[in-house]
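Respectively, the protein sequence lines represent chains A, B, C and D. Just so we're aligned, residue 1 is where the first sequence starts under my numbering, counting upward by one. Just so we're aligned, residue 318 is where the second sequence starts under my numbering, counting upward by one. Just so we're aligned, residue 635 is where the third sequence starts under my numbering, counting upward by one. Just so we're aligned, residue 952 is where the fourth sequence starts under my numbering, counting upward by one. All residues carry an ideal CB built from backbone N, CA and C; glycine is no exception. What follows is a single structure, written as structure tokens, with notes after it.
Number of protein chains: 4
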Amino acid sequence: MSQLLDASAKGVYAISATPFTDAGDIDWPSVDSLVEFYMGCGVQGLTILGMMGEAQKLSGDEAAELTLHFLRRVNGRVPVIVGVSNPGTANLVKLSKTAMDAGACGIMVAPLTGLKTEAQIVSYFGEVVAALGENIPVVYQDYPQSTQADISAQSFLKIVDAHPTVVMFKHEDCPGLKKLTQIRKGCDGGARRYISILVGNGGLYVPQELARGADGVMTGFAFPETLVSVCALFAAGRSDEAEDLFDAYLPLVRHEQQPGFGLAVRKEVLRRRGAIRSAAVRSPGPKLDETDITELDRLLARLETRLSEGVRRRAIA
Amino acid sequence: MSQLLDASAKGVYAISATPFTDAGDIDWPSVDSLVEFYMGCGVQGLTILGMMGEAQKLSGDEAAELTLHFLRRVNGRVPVIVGVSNPGTANLVKLSKTAMDAGACGIMVAPLTGLKTEAQIVSYFGEVVAALGENIPVVYQDYPQSTQADISAQSFLKIVDAHPTVVMFKHEDCPGLKKLTQIRKGCDGGARRYISILVGNGGLYVPQELARGADGVMTGFAFPETLVSVCALFAAGRSDEAEDLFDAYLPLVRHEQQPGFGLAVRKEVLRRRGAIRSAAVRSPGPKLDETDITELDRLLARLETRLSEGVRRRAIA
Amino acid sequence: MSQLLDASAKGVYAISATPFTDAGDIDWPSVDSLVEFYMGCGVQGLTILGMMGEAQKLSGDEAAELTLHFLRRVNGRVPVIVGVSNPGTANLVKLSKTAMDAGACGIMVAPLTGLKTEAQIVSYFGEVVAALGENIPVVYQDYPQSTQADISAQSFLKIVDAHPTVVMFKHEDCPGLKKLTQIRKGCDGGARRYISILVGNGGLYVPQELARGADGVMTGFAFPETLVSVCALFAAGRSDEAEDLFDAYLPLVRHEQQPGFGLAVRKEVLRRRGAIRSAAVRSPGPKLDETDITELDRLLARLETRLSEGVRRRAIA
Amino acid sequence: MSQLLDASAKGVYAISATPFTDAGDIDWPSVDSLVEFYMGCGVQGLTILGMMGEAQKLSGDEAAELTLHFLRRVNGRVPVIVGVSNPGTANLVKLSKTAMDAGACGIMVAPLTGLKTEAQIVSYFGEVVAALGENIPVVYQDYPQSTQADISAQSFLKIVDAHPTVVMFKHEDCPGLKKLTQIRKGCDGGARRYISILVGNGGLYVPQELARGADGVMTGFAFPETLVSVCALFAAGRSDEAEDLFDAYLPLVRHEQQPGFGLAVRKEVLRRRGAIRSAAVRSPGPKLDETDITELDRLLARLETRLSEGVRRRAIA
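Here it is in structure tokens:
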């Protein structure tokens, strides 16, 4: 039985890809191998059915089945958060209950595209939390680049004040460093209860975000073990080593972080690393052409070179 | 067995609401009564699972079940188009096949939110049509206010040229009168094959659009019989009477056409007319408060007055 | 010397077009005739350099010169509000001072495109009002369809509380009827000071908005005298007559209200009515083609017919 | 007298900041020192009045005066491109003529915000080029993240075919690597005339873009001499050294590239490097707080360390 997510969550929650066969079906054996890959990376948790997991291209039945399969395979080794954002609240609640009953530690919700004011977002979360009930931990996913639903730190703090089940802020606004600092200061465990802040944006600003008080990273970068080391070094007070290691991977972080297109890159890297059998993105979705492949080859070769030059050894020694 | 949709389609295709109980479940008896309401209005066809049908808030299973139920109830009396837009092409195709197997005359697809260039839209429709196969008639839904995927007449004509199964243009861009004229001229049955053009936007510009060559109307206005009369009068060359009748309803057309909020108005009018039992919009969705109800009361009372003053009698005499 | 705008403003503030010659220069004689046209319509005030005034296509020098010219010609007969929205606060302040020194009654500011949260909008208005000083009355223009800067009633009330010089809310959100009611109740002269609310959206919802407590209309509809009568009838408690009159013009209101394109229609109507010499819209801008002209001819002819049938006479008797 | 811009342009065209005093006035002595700074960096050209130059916050008179001042100071040492994008074509043309008369080599135009289809963009450029005449070289600025006006490679090629004065594509779409390749292949000097492609996005993908055939970089990164070296090394066939050098600066490139906020970082770095006297961004604009300053201090210190470790020496040896 999994424990429930709470505000003490930290480290790396990898956003899992959803493996498909070349024909576009869910590739169940690759789900298993992908879980083992993440476990081997030492991640602190997993997030499934995020945008990077192509959740919106799954049918409701597939989403439920995938949730159950993931949870069975993980089998309590790490906590699993399930993305449940949906235009209909009933669908959102149904998947949440399926996930929690099967052992998920919490669910992640982004404000709906089409919410235009902060007042509307606050009201929407009120409705969603009321529909979920008092026992399901909620992650607020702040990703306005995708949802167009922007929220200020002040309004998010209203949600924190109103809803004890909101225990984590998935930070993904960009530029968003100031907002991260405002929310960290607002939820520091003193004047207001502490909440966990995990950062996204493909990991592009991880060292800066950890320095500003983030508790960890929730992203799909295809080298999760590196992020695990970066977080561990940072937590151990070795922030320069942490950032040296991060910077060695930064060219690839940047390359994967290209909105939309980056997902195809990411799945190809996961494939090369043996985590999944096919890099296929479900239709409609980006595909790598020959130029893209050559470009990626070069970036990966350069990474190897840099690591062999000792950056990595120094960093994690 | 229903016939397939083709470019000769004309008149009024009512976009059906989806009736829910106050608790938010599909209200199956109201689906039946709503079908009978539309049949009584003399509409030429029905469109189900459009945006006005809250399709995005249904689960995949509900969408399929609702499609089957609607088709059984209509039972071939009029052709039924099924909205199948979906972020995932596999889901889109699956619902399309379910619908066509059950007797739908065709399916309606809008370009995906997130497609940014016309080239991307043209390419997307290429993929979708290829996945649907050569036997499923397709309606292109042009609703950029909702999808942010804008297309010019020129690019739409490329789609017409490439894909014989695209037989109808659901016109909903605004301002869009010039585009309608361009597409009408481009698909006039001479230089290029004819396609059917039905207009939306809540019907706000119907007389102007019919004058520019539209073949009819596809919208959810709660007085479909009026639109049927308007189209019939117009087709009979009695365009002034057609517009007189339309103008009598214009205050209400305008009121229902408020984006988002108008759906709650529309369902309330349908409820008052006995078509459905509850005006509930599924969560999250707009609700009418007391002021809204008073406002609607007044608009409906004024409509009654105007009709009793003879506008209607004159118009449809 | 003009008086300053205050919260008692009511009635019709016509948003003035900016007349250009066919070559695209400001047509100064038409500015004069247009002012006289508006005066002849009995409007309660004028607003110049709004979006409908193509302000963003004027140079800074032209804007200043036009402001001075308008104010000289009006010569205190009615109060004049000047639109000063600008990406740079220094430019905004400069034009405001030019306008106020020349006798404007106040200035109108919309939140900048690119402001993403309500907190940012509130903060922006704080900066702007601080830069303007304590003596310049400010109209908040709420037009998110154009600015993408949405604000809730609650956040607008914060601005009212913080800044005594904000005396008017130009209401143009759509759907926005609920927000209008919220702001009216929030600024009713009881718990909080009264502010004036004038409505826009081309006038599409005027009767509903007056019933909800709007103080008048600020829009560019080419028959301002009708809106004057509508407001007067409504103020006199003859709301049914007011709405009858309005509804007679509704087909044209709707036609002019088409975003972007409507401006070309409006200027053509103003030209036909003798208010300006050319209907030219400055480049880049919409142009009427032959079909558009025929369509407008028909709408105007139908309006004549309807008025001659007595609607008008009854309404304003 | 400057030469006109043509398709042979390559290397680094620095987008110049506009220096302001703390009070927000143009800081003319800093304009001079900034020009000398860029000259000292060995840039191949300058671009003034870009978005990074806060052009939209200048008055028309300031823009003209700044253009003349810059051109006088540069005095023909490198070609100068002037950003002239403006909601009004007349204003655009006026500034273009002022600039060209004073010795600019060409002007840069982005499609207007509000253009929704590629057909509209192509048409807009037709109007603009017609208004500019046949003697003013034009740079197409493709920056849809800011303009929301997306264009495909195919449509841009139509503009190239129609307008010989369009000689450069300022590439700034993101993700945009595939588009860059398509345009490079489309304008390779074979089937179609060659055009120059300079890339933006703060320089975030420079090595990948040079490998795909970009001719250089046009961005405001505060270490332009590094980009000059990167381009030179790449042109000399030493692409690994080029990328090593680039990667050493990548953490800072990424930090400056944060939309909006990055400008404040950039001006602060320019100030520290002695290029300008104040880092002030004109209101409304971002400001660095203490945390931001500490963060920047750390990034610059880390850069120093890395350079001292020999990356730079190796790279440009």
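Check, Outcome
"Contact the stretch 1064 to 1083 of chain D vs the stretch 710 to 727 of chain C: 3+ CB pairs below 8 Å", "no"
"Leu1000 of chain D: first and last residue of the uninterrupted beta strand (DSSP E) it sits in", "Looking at the DSSP string, Leu1000 of chain D is not in any beta strand (DSSP E), and its letter there is neither H nor E."
"Chain A residues whose Cβ lies nearer than 7 Å to that of Glu444 of chain B", "Ser283 and Pro284"
"Secondary structure of Gly717 of chain C, DSSP reduced to three states", "strand"
"Cutoff 7 Å; reference Glu573 of chain B; Cβ partners in own chain excluding five residues on either side", "Gly519, Phe538, Ala539, Gly579, Val582 and Arg583"
"is_contact[Ala1041 of chain D, chain C] using C-beta, thresh 8 Å", "yes"
"For Asp1248 of chain D: DSSP bridge partner residues", "DSSP, once it has assigned bridges, lists no residue as partnering Asp1248 of chain D."
"Other residues of its chain near Glu54 of chain A: CB distance less than 6 Å, five sequence neighbours each side excluded", "Thr18 and Arg282"
"Inter-stretch contact at 8 Å, needing at least 3 Cβ pairs: the stretch 502 to 518 of chain B / the stretch 478 to 486 of chain B", "yes"
"Buried versus exposed, by CB contacts within 10 Å (16 or more), Ser16 of chain A", "buried"
"Phe387 of chain B Cβ short of 7 Å to the ligand ZN heavy atom set", "In terms of ligand content, the structure shown is empty, and the ligand ZN therefore cannot be addressed."
"Exposure of Thr701 of chain C, with buried meaning 16 or more beta-carbon neighbours within 10 Å", "buried"
"Per-residue contacts from Asp695 of chain C into chain D (C-beta, under 9 Å)", "Ser1010, Gly1011 and Asp1012"
"Limits of the alpha helix (DSSP H) - the one that His797 of chain C falls within", "Where His797 of chain C is concerned, there is no enclosing alpha helix (DSSP H), given that its DSSP letter is neither H nor E."
"Alpha-carbon to alpha-carbon, Pro918 of chain C and Ala1082 of chain D", "11 Å"
"Ile468 of chain B at chain D interface by Cβ criterion, 8 Å", "yes"
"Among B:Val391, B:Ala381 and B:Cys358, the one whose alpha carbon lies nearest that of Gly400 of chain B", "B:Ala381"
"Touch test, the stretch 610 to 620 of chain B against the stretch 638 to 645 of chain C, Cβ-Cβ under 8 Å, three pairs minimum", "no"
"Within chain C, the residues that Gln154 of chain A reaches when beta carbons sit closer than 7 Å", "Ala753"
"Interface residues of chain D facing Pro461 of chain B [CB-CB closer than 8 Å]", "Lys1067"
"Gln1007 of chain D (DSSP reduced to helix, strand or coil)", "helix"
"Terminal residues of the beta strand (DSSP E) in which Ile197 of chain A lies", "Ser196 to Val199"
"Contacts that Pro87 of chain A makes with chain B (C-beta to C-beta distance below 7 Å)", "Gln373 and Lys374"
"C-beta atoms of Met742 of chain C and Thr681 of chain C nearer than 8 Å", "yes"
"DSSP bridge partner residues for Tyr1091 of chain D (one or two, in chain order)", "D:Val1060 and D:Phe1120"
"Residues of the stretch 1154 to 1170 of chain D whose Cβ lies closer than 9 Å to any Cβ of chain A, in chain order", "Leu1155, Tyr1156, Pro1158, Gln1159, Ala1162 and Arg1163"
"Tyr647 of chain C, DSSP secondary structure in three states", "strand"
"Own chain partners of Gly42 of chain A with C-beta closer than 7 Å, once the 5 adjacent residues on each side are dropped", "Glu225 and Val228"
"Unbroken alpha helix (DSSP H) run spanning Thr181 of chain A, endpoints", "Leu177 to Gly186"
"Inter-residue Cα distance where the pair is Glu36 of chain A and Glu435 of chain B", "42 Å"
"Nearest-angstrom beta carbon gap, Ala275 of chain A and Thr338 of chain A [assumed within contact, 8 Å]", "What the structure shows of chain A is the stretch from 1 to 317, and residue 338 of chain A is not part of that stretch, so it cannot be assessed."
"Closer than 8 Å to chain B by CB, Glu929 of chain C", "yes"
"Beta-carbon proximity check, Gly106 of chain A vs Ile136 of chain A, cutoff 8 Å", "yes"
"Asp1012 of chain D burial status per 10 Å Cβ neighbour count (16 or more: buried)", "exposed"
"Against chain B: residues of the stretch 873 to 888 of chain C by CB proximity under 8 Å", "Asp874, Glu877, Asp881, Leu884, Pro885 and Arg888"
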